[in-house]
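*Asks:* What follows is a single structure, and I will ask about it in a moment.
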Amino acid sequence: MSLLTEGDMRTFATAAILLELIESGSDHLMRTQRQRWSVFFNKIASTVISSLQADVDKSEVRKNAGEDIIVSSLRHAISRHSPTATTM
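In the numbering used here, the protein residues as written are 1 to 88.
Here is the structure:
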């Protein structure tokens, strides 16, 4: 669990887990927990993405390690799964 909350892989792990959640679970969660999922989804779109991108932008090594690709993939997944997402 510390992989997700601290250390060098936190950004990558967070983006990867959120990407999988959005890609695999968004439709189901929208049907079963529409209000809660909308709030959570928009929080990811409006706050978490920019924070993850700022972490990646701090280091050229992180960009070269592929962290920018996974954050970009997360951003695209958000745009595909919600026409009402609040950022891009």
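All C-beta atoms in this analysis are idealised placements derived from N, C-alpha and C, irrespective of residue type, glycine included.
Are Leu52 and Thr11 close, meaning C-beta to C-beta below 8 angstroms?
*Replies:* Numbered from its first residue, the sequence shown carries residue 52 at position 52. Numbered from its first residue, the sequence shown carries residue 11 at position 11. Cβ distance < 8 angstroms, so Leu52 and Thr11 count as in contact.
*Asks:* State the CB to CB distance for the pair Ala13 and Val71, rounded to an integer number of angstroms; the pair is presumed to be in contact (CB under 8 angstroms).
*Replies:* Walking along the sequence shown from the start, residue 13 turns up at place 13. Walking along the sequence shown from the start, residue 71 turns up at place 71. Incorrect: roughly 12 angstroms between the Cβ atoms, too far for contact.
*Asks:* If you count every other CB in all the chains shown that lies within 10 Å of the CB of Ala45, and 16 or more means buried, which is it?
*Replies:* As a first step, residue 45 is located in the sequence shown; it is residue number 45 there, counting from the start. The residue in question, Ala45, is buried, as its Cβ has 16 or more Cβ neighbours within 10 Å.
*Asks:* So, for Asn64: in the same chain, excluding its five sequence neighbours on each side, which residues have a beta-carbon less than 8 angstroms away from its beta-carbon?
*Replies:* For the purposes of this step, residue 64 is identified with residue 64 of the sequence shown, where counting begins at 1. Here the set comprises nothing.
*Asks:* What does the alpha-carbon distance come out to for the pair His81 and Phe41?
*Replies:* Position 81 of the sequence shown, counted from the first residue, corresponds to residue 81. Position 41 of the sequence shown, counted from the first residue, corresponds to residue 41. Whole-angstrom Cα-Cα distance: 10 angstroms.
*Asks:* For Glu60, count neighbouring Cβ atoms within 10 angstroms of its own Cβ and tell me buried if that reaches 16, exposed if not.
*Replies:* By one-based count along the sequence shown, residue 60 stands at place 60. Answer is exposed; the Cβ neighbour count stays below 16.
*Asks:* What is the DSSP secondary structure of Ala65, reduced to helix, strand or coil?
*Replies:* For this step, residue 65 is matched to residue 65 along the sequence shown. In the structure shown, Ala65 sits in coil (DSSP, three-state: anything other than H, G, I, E or B).
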